[in-house]
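Number 824 marks the last residue of the sequence shown (the working numbering); no jumps. We treat Cβ as the ideally placed atom computed from N, Cα and C, and that holds for glycine. All values reported here derive from a predicted model rather than from experimental measurement. Beneath this line is the structure, given in structure tokens, with notes to follow.
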Amino acid sequence: MDKVWNFFTSLKLAIFVIIILAVASIVGTIIEQNQPIEKYRQIYTDGAIRFFDKLSLFDMYHSWWFLLLLVLFTVNLICCTLDRLPRVIRVVRNPKTTLDGNLEKSLGLVDRWKKKGNLSELGETYREAMGGGFARPRVTEDNGTLHLYAEKGVVSRFGVYVTHLSIIVIFIGAIIGNVFGFKGFANIVEGQSVRTIPTRGGTNHVDLGFSVRCNRFWVDLYPSGQPKEYSSDLSVIENGREVMRKKIEVNDPLQYKGVWFYQSSYGPAGASTVTLAVNSPDGSRGQTISLSPGQKKEIPEYGRISAVDYNANFQGLGPALLV
């Protein structure tokens with residue numbers, strides 16, 4: 502039992518887990534998380550994709566091993582706190598006010614000097630000096646020796662444990678969110694509703710137990726075409742009736758039964774058509790063609806063009822078409 506306790510209270514364990522978490526976070530930054538498989542195929546080989554997928558590196562922050570690291574670090578912090586905090590409390594409540602040989606050896610800064618005079622008068626002089634520049638000392642007389650004890654910043658002893666508590670609360674929240682929560686994305690067309698949400702990665706669907714309908718969508722653009730502000734009018738439908746309605750914006754979500762709905766992006770719904778102007782090499786206007794995503798068309802004298810993907814707000818710069 503002592504070996505188990507010593508393992509979880511070990512500083513080496515804390516350092517090891519912190520290093521692994523730091524390395525994992527770097528990997529999670531380099532490898533984009535929760536992207537479509539088509540995007541990964543443009544970047545990595547099939548072998549690399551299979552290897553990364555086995556290690557859950559495409560959804561690393563929800564993987565079992567990352568969750569295990571969080572649990573291990575949380576247990577380590579709790580055990581370290583329980584192991585050391587009682588001793589700190591005892592020292593604060595009952596400080597050693599007399600200086601003996603063992604205590605003197607344990608102190609980092611020690612100085613000695615001689616002063617002639619009456620013991621009580623010298624004690625009063627040093628007490629006033631310490632009280633003015635440091636803290637009012639406690640005076641203890643032991644076998645003809647006068648001990649003056651003073652300390653300052655007692656609360657700072659507990660600063661590290663406040664930090665531990667903050668980290669523990671954050672990690673427990675992350676663990677609960679990973680185990681019991683979910684995060685997903687859904688496109689809701691104006692006038693339509695959704696009841697199930699595909700989770701991140703699209704592997705599972707969560708039944709909300711109610712429906713969310715998009716009544717209307719607005720978008721305001723700058724003269725350059727970049728989006729200025731966009732919002733949606735949402736309704737929550739439960740048991741066939743509207744139980745809640747709210748206009749949401751980017752940082753003003755709708756919350757119902759513990760589920761938060763954020764406005765994250767917008768785009769065309771269904772088979773949208775994009776019109777392109779094809780110019781000649783000399784700059785003169787040639788012809789216009791209309792394409793839907795996935796459609797291919799022949800351009801006389803130039804070859805074939807295919808619309809791969811359309812994004813109405815690519816990286817915040819406005820509409821973009823991948824051809």
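- The continuous beta strand (DSSP E) containing residue 640 extends over residues 639-643.
- CA-CA distance, residue 607 to residue 630, rounds to 25 angstroms.
- Judged by their CB atoms, residue 736 and residue 716 are nearer to each other than the 7 angstroms cut-off.
- Taking C-beta atoms as the reference points, residue 808 and residue 796 count as a pair closer than 7 angstroms.
- In the three-state scheme derived from DSSP, where H, G and I count as helix and E and B as strand, residue 598 is classed as coil.
- Rounded to whole angstroms, the gap between the alpha carbons of residue 754 and residue 806 is 40 angstroms.
- In this structure, residue 571 sits away from residue 681, with a CB-CB distance that is not shorter than 7 angstroms.
- With respect to the C-alpha of residue 699, the residue from 693, 688, 692 having the closest C-alpha is 688.
- Within its own chain, the residues whose Cβ lies closer than 8 angstroms to the Cβ of residue 652, once the five positions on either side in sequence are excluded, are 596, 636, listed in chain order.
- Take residue 732, set aside five residues on each side of it, and the residues of its chain with a beta-carbon closer than 6 angstroms to its own are 719, 748, 750, in chain order.
- By the beta-carbon neighbour count (other beta carbons within 10 angstroms, threshold 16), residue 505 is exposed.
- If only complete runs of 4 or more residues are kept, the stretch 577-625 shows the alpha helix (DSSP H) at 602-607, in order along the chain.
- For residue 650, the three-state secondary structure derived from DSSP is strand.
- Residue state for residue 780 is assigned as strand, using DSSP reduced to three classes.
- Runs of the beta strand (DSSP E) spanning 3 or more residues and lying entirely within the stretch 717-779 occur at 728-739, 742-749, 755-757, 760-762, in chain order.
- For the pair residue 536 and residue 590, the Cα-to-Cα distance works out to about 50 angstroms.
- Cβ neighbours of residue 764 within its own chain (closer than 7 angstroms, five residues either side excluded): 731, 732, 733, 749, 750, 751.
- At a Cβ-Cβ threshold of 7 angstroms, residue 509 and residue 577 count as neighbours.
- By the neighbour-count criterion, in which a residue is buried when 16 or more other Cβ atoms sit within 10 angstroms of its Cβ, residue 561 is buried.
- Excluding the 5 residues flanking it on each side, residue 745 has same chain C-beta neighbours closer than 8 angstroms at 736, 737, 755, 757, in chain order.
- The stretch 611-631 and the stretch 639-647 touch, with no fewer than 3 CB-CB distances between them shorter than 8 angstroms.
- The continuous alpha helix (DSSP H) containing residue 667 extends over residues 660-681.
- Its Cα nearest to that of residue 524, the residue 558 stands out among 558, 547, 544.
- Distance from the CA of residue 594 to the CA of residue 659, rounded to the nearest whole angstrom, comes to 13 angstroms.
- For residue 526, the three-state secondary structure derived from DSSP is helix.
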